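All letters in the sequence shown, in the order written, are residues 42 to 183 by my numbering. Heads up, the beta-carbon is just placed ideally off N, CA and C, and yes, glycines get one too. Note that the coordinates shown come from a computational prediction; the quantities given were computed from them, not determined experimentally. Here's the structure, in structure tokens; my notes come after.
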Amino acid sequence: MANQTKVGAGGTASVRPAANIGTASSADKLDKIVAEARRAAEKRDQGYREQALKIYPWVCGRCARTFTNANLRELTVHHRDHNHDNNPPNGSNWELLCLYCHDNEHQRLLEASGGIAEIGNKNGSATHSPFADLKARLGKKP
Ligand SMILES: [Zn+2]
Ligand SMILES: [Zn+2]
């Protein structure tokens, strides 16, 4: 009778609090942080855009194209000093430009400031797109 293996004795199938509960919640936390940061950035973005649209007439500062509610989303806020965190409430750092002129403005500035890295790449013109996410966002809206 050597066949009595004591199965029941030590067999409390241990239900351990799995380690991945910890990682799951921290990933969750990170998700939250990222989402919050994104929301804050969007809020800030909309904040200064709305401000600028209140202060300035809806006209492109370069080509003088005028805007209405129908095409307002093509009117963008350019930062004169290119610092998107510099948003004085009086609008002194903002300029309203249509998408195309805004693109040109950045292109021009890139070239004017030496554009060292761009010289060999002039035909590629899509090297620097400050509105990549803006265009994506516009695409989402009706
Ligand atoms: Zn324009
Ligand atoms: Zn700009």
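Would you mind reading off the limits of the beta strand (DSSP E) that contains residue i?
i           : result
residue 101 : Here residue 101 belongs to no beta strand (DSSP E), and DSSP marks it neither H nor E.
Can you name the start and end residues of the alpha helix (DSSP H) that residue i belongs to?
i           : result
residue 113 : That residue, residue 113, is in no alpha helix (DSSP H); it is neither H nor E in DSSP.
residue 144 : 140-153
Candidates the options: which alpha carbon is nearest residue i's?
i           : options           : result
residue 118 : 106, 105, 90, 128 : 90
residue 111 : 152, 99, 150      : 99
residue 86  : 105, 69, 128, 95  : 128
residue 145 : 101, 70, 66       : 101
residue 116 : 105, 79, 126      : 105
residue 123 : 75, 149, 108      : 149
residue 84  : 154, 153, 126     : 126
residue 108 : 140, 78, 67       : 140
Could you give the C-beta distance for residue i and residue j, rounded to a whole number, given that I count them as a contact under 8 Å?
i           : j           : result
residue 114 : residue 142 : Their Cβ separation, rounded to whole angstroms, is 15 Å, which puts residue 114 and residue 142 out of contact at 8 Å.
residue 134 : residue 120 : 6 Å
residue 137 : residue 97  : 5 Å
Say yes only if the C-beta of residue i is nearer than 7 Å to one or more non-hydrogen atoms of ligand 1, and no if none qualify.
i           : result
residue 151 : no
residue 80  : no
residue 89  : no
residue 97  : no
residue 103 : yes
residue 138 : yes
residue 121 : no
Which class does residue i belong to by DSSP, given the choice of helix, strand or coil?
i           : result
residue 160 : In this prediction, residue 160 has a pLDDT of 43, which is less than 50 and means its spatial position is unreliable; nothing more can be read from the coordinates.
residue 76  : helix
residue 167 : Its pLDDT being 49, under 50, residue 167 is placed unreliably in this model, and the value from its coordinates should be taken loosely. Coil at residue 167, not helix or strand.
residue 67  : helix
Any heavy atom of ligand 2 within a distance shorter than 7 Å of the CB on residue i?
i           : result
residue 115 : no
residue 146 : yes
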